[in-house]
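Novice:
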Amino acid sequence: MSSELPFGELDGLKVLEDVETEVVGSPTLDLRPTDEGPVLAAPSNAATGIPVSGSAPSRIARGAAYLGVGGMGIAMTVYLIYRSYAFFEACSLVHPWLGMLYLAGLGAAILSLGYFAIRAAGRYAGLNEVETARRRSTRVRQRLADELEERRLQRWVESQAHAAQRSGPAEARKRASRLAVQLANHSSAERAVREFEEYLLAPLDRVADQIIERRAVQVAIGTAVASGLFDPIIVAVQAVRLVDEISQLYTGRPGWLGTMRLLRRAIGITLFAEIAEQATELLAEMMANKAVAKIGGRIGQGLANGLLVARLGHAVKHECRPIEQPRTRLAAAQLIGSVLAVARS
Amino acid sequence: MHHDIHLGITGLRRTGKTVFLTALIYQLEQLGSQGLNAFANRGVRLETAEILGNDGNNGLAKLPYEETLGRLRTSACAAWPNSTDSESGLVLKIPFRANAYRRLGKILRMPLGLLRDRGSIRLFLHDYPGEFLLDTPLAKYSYGSWSSTALDRMAGQCPDRAAAYHKELEQIFSTSDDADDTRLARQLAEVRNAYGRYLAAARSAGMEMLQPGMTLASLKEPIQNIAAWTADLLPFAPLSNAVPDDHPAKLDFAKRFDAYVKERVAPFIKRLRRSSRQIVLVDVLRVLHNGVQCFNDTQQCLATIIGAYRYNGELRQIGQGLPRSLRPPSFVSRVIFAATKADHAVKSHRANLGRLLEILVQRARSRCAAGPVPIKYEWFTSLRATADCRVPWNDRPAEALYGRLIDDAEAKVRNPGVVPNEWPTGGDDDPWPFESERFVFPHFAPRSLPPRDLVPWPHINLDSVLWESLADCFYVQTS
Numbered sequence: 001m002s003s004e005l006p007f008g009e010l011d012g013l014k015v016l017e018d019v020e021t022e023v024v025g026s027p028t029l030d031l032r033p034t035d036e037g038p039v040l041a042a043p044s045n046a047a048t049g050i051p052v053s054g055s056a057p058s059r060i061a062r063g064a065a066y067l068g069v070g071g072m073g074i075a076m077t078v079y080l081i082y083r084s085y086a087f088f089e090a091c092s093l094v095h096p097w098l099g100m101l102y103l104a105g106l107g108a109a110i111l112s113l114g115y116f117a118i119r120a121a122g123r124y125a126g127l128n129e130v131e132t133a134r135r136r137s138t139r140v141r142q143r144l145a146d147e148l149e150e151r152r153l154q155r156w157v158e159s160q161a162h163a164a165q166r167s168g169p170a171e172a173r174k175r176a177s178r179l180a181v182q183l184a185n186h187s188s189a190e191r192a193v194r195e196f197e198e199y200l201l202a203p204l205d206r207v208a209d210q211i212i213e214r215r216a217v218q219v220a221i222g223t224a225v226a227s228g229l230f231d232p233i234i235v236a237v238q239a240v241r242l243v244d245e246i247s248q249l250y251t252g253r254p255g256w257l258g259t260m261r262l263l264r265r266a267i268g269i270t271l272f273a274e275i276a277e278q279a280t281e282l283l284a285e286m287m288a289n290k291a292v293a294k295i296g297g298r299i300g301q302g303l304a305n306g307l308l309v310a311r312l313g314h315a316v317k318h319e320c321r322p323i324e325q326p327r328t329r330l331a332a333a334q335l336i337g338s339v340l341a342v343a344r345s
Numbered sequence: 346m347h348h349d350i351h352l353g354i355t356g357l358r359r360t361g362k363t364v365f366l367t368a369l370i371y372q373l374e375q376l377g378s379q380g381l382n383a384f385a386n387r388g389v390r391l392e393t394a395e396i397l398g399n400d401g402n403n404g405l406a407k408l409p410y411e412e413t414l415g416r417l418r419t420s421a422c423a424a425w426p427n428s429t430d431s432e433s434g435l436v437l438k439i440p441f442r443a444n445a446y447r448r449l450g451k452i453l454r455m456p457l458g459l460l461r462d463r464g465s466i467r468l469f470l471h472d473y474p475g476e477f478l479l480d481t482p483l484a485k486y487s488y489g490s491w492s493s494t495a496l497d498r499m500a501g502q503c504p505d506r507a508a509a510y511h512k513e514l515e516q517i518f519s520t521s522d523d524a525d526d527t528r529l530a531r532q533l534a535e536v537r538n539a540y541g542r543y544l545a546a547a548r549s550a551g552m553e554m555l556q557p558g559m560t561l562a563s564l565k566e567p568i569q570n571i572a573a574w575t576a577d578l579l580p581f582a583p584l585s586n587a588v589p590d591d592h593p594a595k596l597d598f599a600k601r602f603d604a605y606v607k608e609r610v611a612p613f614i615k616r617l618r619r620s621s622r623q624i625v626l627v628d629v630l631r632v633l634h635n636g637v638q639c640f641n642d643t644q645q646c647l648a649t650i651i652g653a654y655r656y657n658g659e660l661r662q663i664g665q666g667l668p669r670s671l672r673p674p675s676f677v678s679r680v681i682f683a684a685t686k687a688d689h690a691v692k693s694h695r696a697n698l699g700r701l702l703e704i705l706v707q708r709a710r711s712r713c714a715a716g717p718v719p720i721k722y723e724w725f726t727s728l729r730a731t732a733d734c735r736v737p738w739n740d741r742p743a744e745a746l747y748g749r750l751i752d753d754a755e756a757k758v759r760n761p762g763v764v765p766n767e768w769p770t771g772g773d774d775d776p777w778p779f780e781s782e783r784f785v786f787p788h789f790a791p792r793s794l795p796p797r798d799l800v801p802w803p804h805i806n807l808d809s810v811l812w813e814s815l816a817d818c819f820y821v822q823t824s
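Here the protein sequences line up with chains A and W, keeping their order. Residues 1 to 345 (our numbering) are what the first sequence spells out, left to right. Residues 346 to 824 (our numbering) are what the second sequence spells out, left to right.
(1) At least one CB of chain W closer than 8 Å to the CB of S137 of chain A: is that the case?
(2) Does the CB of L242 of chain A have a neighbour CB from chain W at under 8 Å?
(3) Hey, is P182 of chain A's beta-carbon within less than 8 Å of any beta-carbon in chain W?
(4) Got a sec: is the Cβ-Cβ distance from F819 of chain W to anything in chain A below 8 Å?
(5) Enumerate in chain order the residues of its own chain whose CB-to-CB distance from A732 of chain W is below 6 Å, with the five nearest sequence positions on each side excluded.
(6) On the DSSP letters alone, give me the boundaries of the alpha helix (DSSP H) that G655 of chain W sits inside.
(7) Whose Cβ in chain A lies nearer than 9 Å to the Cβ of Y543 of chain W?
(8) Give the residues from the stretch 790-806 of chain W that approach chain A closer than 9 Å (Cβ to any Cβ), ordered along the chain.
(9) Applying the 10 Å Cβ sphere with the 16-neighbour rule, what's the burial state of P504 of chain W?
(10) Please identify the residue among W:T355, W:A509, W:V637, W:M499 whose C-alpha is closest to the C-alpha of D773 of chain W.
(11) Looking at the C-beta of N386 of chain W, does it have a partner C-beta in chain A at a distance below 8 Å?
(12) If L10 of chain A sits next to N760 of chain W, beta carbons under 8 Å apart, how far is it from one beta carbon to the other, in whole angstroms?
(13) Kindly indicate which three-state DSSP category C422 of chain W falls into: helix, strand or coil?
(14) For R329 of chain A, I'd like the list of residues in its chain whose CB is within less than 7 Å of its CB, leaving aside the five on either flank, ordered along the chain.
(15) Mapping the DSSP letters down to three states, classify A607 of chain W as helix, strand or coil.
(16) Whether or not the stretch 305-316 of chain A and the stretch 235-246 of chain A are in contact is what I'm after, with contact meaning three or more pairs of Cβ atoms, one per stretch, closer than 8 Å; do they touch?
(17) How far does the beta strand (DSSP E) with G353 of chain W in it extend, from its first residue to its last?
(18) Give the secondary structure of R143 of chain A by DSSP, where H, G and I count as helix, E and B as strand, and everything else as coil.
(19) I'd like the list of long-range same chain contacts for I614 of chain W, defined as Cβ closer than 8 Å, with 5 residues on each side in sequence excluded.
(20) Which of the three DSSP states is assigned to Y79 of chain A in this structure?
(21) Less than 8 Å between the C-beta atoms of C646 of chain W and V680 of chain W, yes or no?
(22) For L10 of chain A, decide whether its Cβ has a neighbour in chain W, counting only Cβ atoms nearer than 8 Å.
(23) Have a look at L308 of chain A and S137 of chain A and give me their C-alpha separation to the nearest angstrom.
(24) Does any residue of chain W have a CB that is nearer than 8 Å to the CB of H186 of chain A?
(25) Decide if I295 of chain A is buried, meaning its Cβ has at least 16 other Cβ atoms within 10 Å, or exposed.
(26) Please report the distance separating the alpha-carbon of T355 of chain W from that of V821 of chain W.
(27) Please state if the CB of V436 of chain W and the CB of L397 of chain W are separated by a distance shorter than 8 Å.
(28) Out of curiosity, what's the CA-to-CA distance linking G558 of chain W and L479 of chain W?
(29) Consult DSSP for G300 of chain A and reduce its assignment to one of helix, strand or coil.
(30) Going along chain C in order, which residues have a C-beta closer than 8 Å to the C-beta of A743 of chain W?
(31) Below 8 Å between beta carbons: does that hold for G361 of chain W and T685 of chain W?
(32) Please classify Q556 of chain W: does DSSP put it in a helix, a strand, or coil?
(33) Determine, using beta carbons only, whether M346 of chain W and G464 of chain W come nearer to each other than 8 Å.
(34) May I have a chain-ordered list of the beta strand (DSSP E) segments no shorter than 3 residues that lie completely inside the stretch 684-753 of chain W?
(35) From R528 of chain W to I651 of chain W, what distance separates their C-alpha atoms?
(36) Output yes if chain A places a C-beta closer than 8 Å to the C-beta of N760 of chain W; else output no.
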């Protein structure tokens with residue numbers, strides 16, 4: 001028998017399966033799970049998640065990332081302890097019980113934050129990494145991928161559509177069905193990626209933008225209205241919830257370097273909140289009309305904190321998305337949207 | 346917001362324009378956007394369309410939609426429609442609902458009449474034979490310049506036949522003993538027959554750039570069967586510079602050429618130029634089947650027919666909110682190049698149609714890329730004639746198609762041929778002859794469609810083509 005199927009009529013060959021594709025209804029699509037296993041299917045698949053193949057970050061890069069984040073974390077912790085102690089001393093001068101009350105409140109807040117942070121960290125760690133899918137999809141888009149990579153990516157997209165058809169809200173299941181119909185008509189990885197983005201990721205992107213907007217507004221209002229003491233706590237809590245919500249939305253997370261980048265940003269904006277508060281107080285002292293200066297300063301702080309949280313949100317979205325988006329223009333447009341939302345608040 | 350969209354369906358003959366229009370009308374009239382995933386995915390809903398007849402559609406005859414529908418619903422052996430031999434059209438009114446604006450967006454847009462969350466579209470459809478498009482460049486030529494161009498083109502298309510034509514012209518215009526009137530009539534008849542023979546040979550070789558296209562489109566029988574070409578069938582033919590400009594034959598052809606352009610070509614171009622959206626249908630499989638000469642010829646054809654339109658996106662968009670009498674003239678604001686008959690290739694090769702198409706239309710694309718006109722590429726089929734299947738081969742499954750050929754009574758499994766991801770070069774190391782075995786691509790007949798209305802027709806990416814041509818009519822939420 002020759003290696004190539006002869007052209008023309010194929011007498012005597014039995015059809016293995018007839019994949020009839022119609023406009024309406026789910027086609028009989030071969031949707032066996034891929035070798036890598038589904039990514040969007042369930043967070044509990046962490047153990048059999050996509051193996052991170054290809055170029056892993058070097059040990060030096062990883063060490064530097066840990067060092068940076070760790071250093072920032074230590075610096076922030078020490079600073080906050082110093083500030084808290086200073087405030088505790090001030091309260092104790094007024095009345096010892098006031099100092100104890102402050103410590104109790106602070107302790108409760110830290111415990112609560114710690115609980116949510118640990119829970120969010122656990123959920124985050126349980127998600128599958130998206131690095132491989134991102135890398136493959138970028139190579140496919142640039143037409144640099146070989147046949148094996150394209151086929152794997154195609155099957156990964158098909159598995160996403162299959163998994164999304166079985167779980168989630170009704171609207172998402174409908175979209176997944178439509179995507180399955182589209183995928184049944186071709187075997188092009190490039191097109192599969194595009195359709196995956198259009199059918200499944202685009203609505204998630206909209207939800208992510210709404211989450212980012214909501215959190216940014218909450219931070220803006222919270223840090224503008226509340227006492228400066230609580231600014232870092234407000235920002236930290238919202239940052240943690242933001243990362244948690246968006247990563248759960250995409251049911252994926254970046255690898256270790258990406259995670260360190262996000263952590264660095266989160267710590268950075270928390271620090272900024274504290275520093276901005278100090279700067280505002282200092283400036284207000286120097287102004288003639290202290291009340292107006294304080295109010296203006298609080299509003300400016302709120303706006304700045306809101307914007308920084310929005311930036312963090314877009315960074316999380318960029319890192320957790322299984323298909324890389326062209327960043328610059330999109331992020332700028334989204335940031336402007338977030339600015340308007342924060343300004344409206 | 347109300348839109349008037351003149352949809353220009355451009356394409357050479359047998360690329361599927363009529364089937365596309367029929368499938369489009371059926372889908373919109375019976376089902377609206379039901380089954381059109383590209384619309385549902387973006388939150389846009391088209392209600393069922395109303396056929397408004399042909400008022401305001403350039404005085405065209407009504408599109409024979411019901412007749413084509415009847416042929417496709419024949420229970421015994423459904424058939425594709427006959428080749429289009431005249432212009433026709435139809436107008437549809439399509440109400441739609443899209444995503445809701447945010448409050449601020451609505452307040453800003455409402456006074457300017459720019460709300461796109463709901464409204465209607467009047468879709469003007471225009472069907473015509475593909476050959477008509479090939480005559481559009483005639484408006485820019487005189488008879489003499491057209492003759493030179495045509496003769497150069499003939500030498501590129503079928504060199505042997507072109508040389509034979511030149512030889513015949515020499516013999517025809519050598520001195521003769523006939524009286525002047527008799528000689529002129531004989532010469533004109535012989536030149537027409539010689540050119541007619543060339544046209545038949547070129548058509549058999551897969552060439553499409555054959556002029557005058559409008560007269561060829563109205564032939565009642567295949568071009569190869571015509572023995573004697575009269576002035577009605579072929580008003581003029583190219584004459585070389587060896588024939589003096591004041592020769593009565595040349596003067597006669599020039600006069601007929603000018604009348605042809607004035608009476609037929611110019612009015613057609615005027616109707617064409619009302620298009621505000623353009624879908625260019627290309628049969629990539631036919632080009633693969635017919636070899637390298639056909640590739641060169643098709644490239645030239647597409648570049649020629651694109652040149653008949655006007656392209657500029659901005660003016661038309663700005664003027665949408667104005668009353669009809671104040672709107673700027675039509676320009677094509679969106680172009681979609683679409684490879685048809687995607688269901689005639691196996692599943693894993695369909696995406697290659699898009700890649701091949703992008704290369705094939707490069708010259709045409711540069712003609713319409715002067716302004717800010719979005720250009721999209723797609724591969725699709727308006728009406729699926731085949732089903733995907735797999736057969737065992739060498740202990741592995743191999744892709745094939747299941748369908749009925751035009752001349753067969755029953756459907757069978759076939760391997761239709763290979764669609765490569767790059768065009769063959771046609772050189773010694775990559776031969777690409779006419780009707781190569783690698784690129785067989787048989788002609789499948791349509792599947793018989795159910796006679797009941799409201800049944801969705803199977804298609805591939807018809808929704809995507811329609812969406813690309815109408816996308817800017819709707820508001821799509823991006824955040």
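By construction, the Cβ of each residue, glycine as well, lies at the ideal position given by its N, Cα and C atoms. These numbers come from a predicted model, not from an experiment.
Specialist: Taking the geometry as given:
(1) For S137 of chain A, the closest Cβ of chain W is not nearer than 8 Å.
(2) No, L242 of chain A does not count as interfacial toward chain W.
(3) Checking the displayed sequence, the identity of residue 182 of chain A turns out to be Gln instead of Pro. Cβ-Cβ to chain W under 8 Å: yes for Q182 of chain A.
(4) The beta carbon of F819 of chain W sits no closer than 8 Å to any beta carbon of chain A.
(5) Cβ neighbours of A732 of chain W beyond the five flanking positions: Y747.
(6) The displayed chain sequence assigns Arg, not Gly, to residue 655 of chain W. Per DSSP, R655 of chain W belongs to no alpha helix (DSSP H) and is neither H nor E.
(7) Those within 9 Å of Y543 of chain W in chain A number zero; the least Cβ separation is about 32 Å.
(8) Listed in sequence order: P801, W802, P803, H804, I805, N806.
(9) Burial call: exposed.
(10) Of the listed residues, the one whose Cα sits closest to D773 of chain W is W:V637.
(11) So yes, N386 of chain W belongs to the interface.
(12) A Cβ-Cβ distance of about 6 Å is found for the pair L10 of chain A and N760 of chain W, placing them in contact under the 8 Å criterion.
(13) It is coil, neither helix nor strand.
(14) Because the pLDDT of R329 of chain A is 48, which lies under 50, any placement of that residue in the model is unreliable, and the number read from its coordinates should be weighed accordingly. None.
(15) The sequence shown places Lys at residue 607 of chain W, rather than the Ala named in the question. Correct three-state label for K607 of chain W: helix.
(16) Yes: at least three Cβ pairs fall under 8 Å.
(17) Taken as a continuous stretch (DSSP letters only), the beta strand (DSSP E) holding G353 of chain W covers 347-356.
(18) Here R143 of chain A sits in coil by DSSP.
(19) Closer than 8 Å at the Cβ level, and outside the excluded window around I614 of chain W, lie T481, A484, A653.
(20) Helix, per DSSP.
(21) Not closer than 8 Å, so no.
(22) Answer yes: the Cβ-Cβ gap between L10 of chain A and chain W drops below 8 Å somewhere.
(23) Pairing L308 of chain A with S137 of chain A, the inter-Cα distance amounts to about 29 Å.
(24) Yes, its Cβ sits closer than 8 Å to a Cβ of chain W.
(25) Taking all protein chains shown into account, I295 of chain A has fewer than 16 neighbouring C-beta atoms within 10 Å of its C-beta and is therefore exposed.
(26) Taking the straight line joining both Cα atoms gives about 28 Å.
(27) With contacts defined by Cβ atoms closer than 8 Å, L397 of chain W and V436 of chain W form a contacting pair.
(28) Rounded to the nearest whole angstrom, the CA to CA distance from G558 of chain W to L479 of chain W is 6 Å.
(29) In the structure shown, the three-state DSSP call for G300 of chain A is helix.
(30) Protein chains in the displayed structure are A and W, and chain C is not among them.
(31) Annotated as proximal: G361 of chain W and T685 of chain W, with beta-carbon spacing under 8 Å.
(32) Q556 of chain W falls in the coil class under three-state DSSP.
(33) Yes, these two residues count as a Cβ contact at 8 Å.
(34) Entirely contained in the stretch 684-753 of chain W, the beta strand (DSSP E) runs reaching 3 residues are, in chain order, 720-724, 731-738, 741-748.
(35) Roughly 41 Å separates the two Cα atoms.
(36) N760 of chain W counts as touching chain A.
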